Amino acid sequence: MVEAKLSKEQRFILACSRIYNDEVDKSEIISLLQYNLNWGALLKFAIPNGVAPLIYKYINSIGYKESIETVFYEQLRNAYFQTFSKNTRLIDTFFEIQKNLSYDDIPCILLKGPVLAEMIYEDIGLRPMEDIDILVHEKHLEKTNDLMLEMGFQQASIVKSDFVDSYTEKHHLPQFIKGVTKAEIHWHIYNKDEHIKINIEDLWERSIKVNINNEEVGILSPEDFLINLILHLDSHFTGGKIRMGHFCDIAEYCRKQKLNWDVFFQNAEKYNAKEIINNFLYLISKYFDVALPVEISSPSDDSIEYRFLALLQGKKYAPGNRNFNVEKLHEVNGFGNKLRFFYNDLFPSKKFMILRYNIKNKNLFIFYYPYRVFDGVIKYFRYLIVKK
Numbered sequence: 298m299v300e301a302k303l304s305k306e307q308r309f310i311l312a313c314s315r316i317y318n319d320e321v322d323k324s325e326i327i328s329l330l331q332y333n334l335n336w337g338a339l340l341k342f343a344i345p346n347g348v349a350p351l352i353y354k355y356i357n358s359i360g361y362k363e364s365i366e367t368v369f370y371e372q373l374r375n376a377y378f379q380t381f382s383k384n385t386r387l388i389d390t391f392f393e394i395q396k397n398l399s400y401d402d403i404p405c406i407l408l409k410g411p412v413l414a415e416m417i418y419e420d421i422g423l424r425p426m427e428d429i430d431i432l433v434h435e436k437h438l439e440k441t442n443d444l445m446l447e448m449g450f451q452q453a454s455i456v457k458s459d460f461v462d463s464y465t466e467k468h469h470l471p472q473f474i475k476g477v478t479k480a481e482i483h484w485h486i487y488n489k490d491e492h493i494k495i496n497i498e499d500l501w502e503r504s505i506k507v508n509i510n511n512e513e514v515g516i517l518s519p520e521d522f523l524i525n526l527i528l529h530l531d532s533h534f535t536g537g538k539i540r541m542g543h544f545c546d547i548a549e550y551c552r553k554q555k556l557n558w559d560v561f562f563q564n565a566e567k568y569n570a571k572e573i574i575n576n577f578l579y580l581i582s583k584y585f586d587v588a589l590p591v592e593i594s595s596p597s598d599d600s601i602e603y604r605f606l607a608l609l610q611g612k613k614y615a616p617g618n619r620n621f622n623v624e625k626l627h628e629v630n631g632f633g634n635k636l637r638f639f640y641n642d643l644f645p646s647k648k649f650m651i652l653r654y655n656i657k658n659k660n661l662f663i664f665y666y667p668y669r670v671f672d673g674v675i676k677y678f679r680y681l682i683v684k685k
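Per the numbering used here, the sequence shown starts with residue 298, numbered consecutively.
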C-alpha cells in the first residue's frame, strides 16, 4: 500500500475536487486556507486540470474571497465564466446536431461532458469541456459525416502521415470543427484492444432517455456510463495525458448517481475490464472520499497509484506510462516498413507540426523538428527505464 505525503496545495486541490453542497465537510478547506498557500503553483495546476471552477465555487461559498490576492481570484473567476460560456455554446450545438440527425431518423447518444455538466455537476460552469462526443450507429456514419459538413463543420483530418495513420486504431471520425466549436462522431466508445471486448450493441440496447434543457436526449445507462468514464480515463492515463477533473467526474458520478453495482460489475467482467475498473475505483475511494457500497481491493501493482500521485504533483512523466508509438512500431511488419513508420512518426507533416506545437509563424515549423527528435529520445529512454 502506498503512503502518500501530500503538500498543503495538493491536499487543497483534492479537498476542492468535488461538487459543493451543504453536506460537504469544508473544515479541511477552511483549515488549509489559513496557511500561506502558493496560489501561483496551485493555479498552474488547477486550471489545465479542470478543477479551477470548483475552487472558485468553494472560495465564494465559504466567504474567503478577500483572503486571496486579486490576481489569483480573477484567474479562478475567469476559469469559471469561460467554462460556462464555452459549455453553453457546445450544448446548444449538440441540440442543433441532434435535431438535424433526427430529420434523417438517425438516433444518437450524448457521451460524457454535457451529461456530467448538466446532471451531475448541475452547473455547466463547473465542468470544462473541450468538445462534444456523440455516438451513432456505424451504419449511419456516412450520412452523419455529410450532415456535419452541410452544417458548416470542417474536418480536422491532420495526421503525421497516411502511412502512420493506417496503423492507428480509431473509434470516431476525424474531429469536426466550426469556428471554436469541436465535435467528435463516435461509432464505438473504445479502440479495439486485445483484452477489452465491448459489444457496442449492448450499450445501445441499454441506453436511456433523459431530459436536458427540456429536450429529450439519449445517454448510456448509468452502469455503462460509468464504465465509459473509467475506460476513457484509463486510455488517457496510461499515456500520461489526463487531468484531475477526469477523476472528479468519476467520484461525483459514483456519489450522486444511483447505480446497480451488481449489473455494473457483471458488465465489467463480461468486457474483461474488471481489473482496470477496480484500480480506478480504489483511487477514487482513497483520495476523493467516496464511500462505495462494494468492497474494492487495492491494485496488485502500485504503479497506478504512483502515476496518480505524479499527476497530483504536476509531473509530466510517471512510472507506468505507456509509449504508444513504440508499442505500435512493434506491430509493423518488415524492416523497411518499420523504418518508414519510424521516420514518418519522427518527421510528420507540416500541418501536424503546426497543430501539435501551436506554431504561430507557420514558416518556422521546420525548426521544431530538432526539438521533436530530442523530446522523442527523452521519452523513449524514460519508457525503457520504466519498463525495467
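Idealized CB from N, CA, C, for every residue including glycine.
All figures in this text were calculated on a predicted structure; none of them were measured in a lab.
Helix, strand or coil at residue i [DSSP, three-state]
i, result
"residue 486", "coil"
"residue 533", "helix"
"residue 505", "strand"
"residue 356", "helix"
"residue 497", "helix"
"residue 585", "coil"
"residue 302", "coil"
"residue 480", "strand"
"residue 430", "strand"
Alpha carbon of residue i to alpha carbon of residue j, nearest angstrom
i, j, result
"residue 617", "residue 412", "Interpretation of residue 617 is limited by its pLDDT of 49, a score under 50 that renders its predicted location unreliable; the figure taken from the coordinates is listed afterwards. Cα to Cα, residue 617 sits roughly 31 Å from residue 412."
"residue 312", "residue 601", "21 Å"
"residue 614", "residue 642", "Residue confidence is low: residue 614 scores 49 on pLDDT, short of 50, so the model does not pin down where it sits. Its coordinate-derived value is still stated next. For residue 614 and residue 642, the distance between alpha carbons rounds to 20 Å."
"residue 370", "residue 359", "14 Å"
"residue 274", "residue 398", "Past the boundaries of the shown model lies residue 274; the chain is included only from 298 to 685, so the question cannot be answered."
"residue 450", "residue 473", "6 Å"
"residue 631", "residue 639", "12 Å"
"residue 494", "residue 533", "18 Å"
"residue 409", "residue 594", "26 Å"
"residue 577", "residue 570", "11 Å"
"residue 540", "residue 332", "25 Å"
"residue 443", "residue 394", "12 Å"
"residue 674", "residue 636", "16 Å"
"residue 446", "residue 383", "22 Å"
"residue 544", "residue 573", "14 Å"
"residue 567", "residue 596", "20 Å"
Spatial neighbours of residue i in its chain, beta-carbon cut-off 6 Å, leaving aside the 5 residues before and after
i, result
"residue 372", "340"
"residue 323", "359"
"residue 580", "605"
"residue 528", "487"
Per-residue burial, residue i [other beta carbons within 10 Å of its own, 16 or more giving buried]
i, result
"residue 368", "exposed"
"residue 282", "Because the chain here runs from 298 to 685, residue 282 falls outside it and cannot be looked at."
"residue 441", "buried"
"residue 433", "buried"
"residue 302", "exposed"
"residue 406", "buried"
"residue 667", "exposed"
"residue 546", "buried"
"residue 380", "buried"
"residue 518", "buried"
"residue 387", "buried"
"residue 652", "exposed"
"residue 306", "buried"
"residue 511", "exposed"
"residue 633", "exposed"
Residues near residue i in its chain [Cβ-Cβ closer than 8 Å; skip 5 each side]
i, result
"residue 349", "340, 343, 372, 373, 376, 377"
"residue 550", "413, 417, 522, 523, 526"
"residue 390", "429, 475, 478, 480"
"residue 423", "316, 350, 351, 354, 377, 380, 414"
"residue 385", "421"
"residue 362", "356, 370"
"residue 345", "540"
Close Cβ partners of residue i (< 7 Å) along its chain, the five nearest in sequence each way excluded
i, result
"residue 353", "373, 374, 376, 377"
"residue 485", "468, 497"
"residue 557", "520"
"residue 435", "484"
"residue 562", "571"
"residue 665", "650, 654, 656"
"residue 599", "299"
"residue 644", "666"
"residue 392", "512"
Chain B within 8 Å of residue i, Cβ atoms only
i, result
"residue 355", "Reference to chain B is not applicable here, since this structure consists of a single protein chain."
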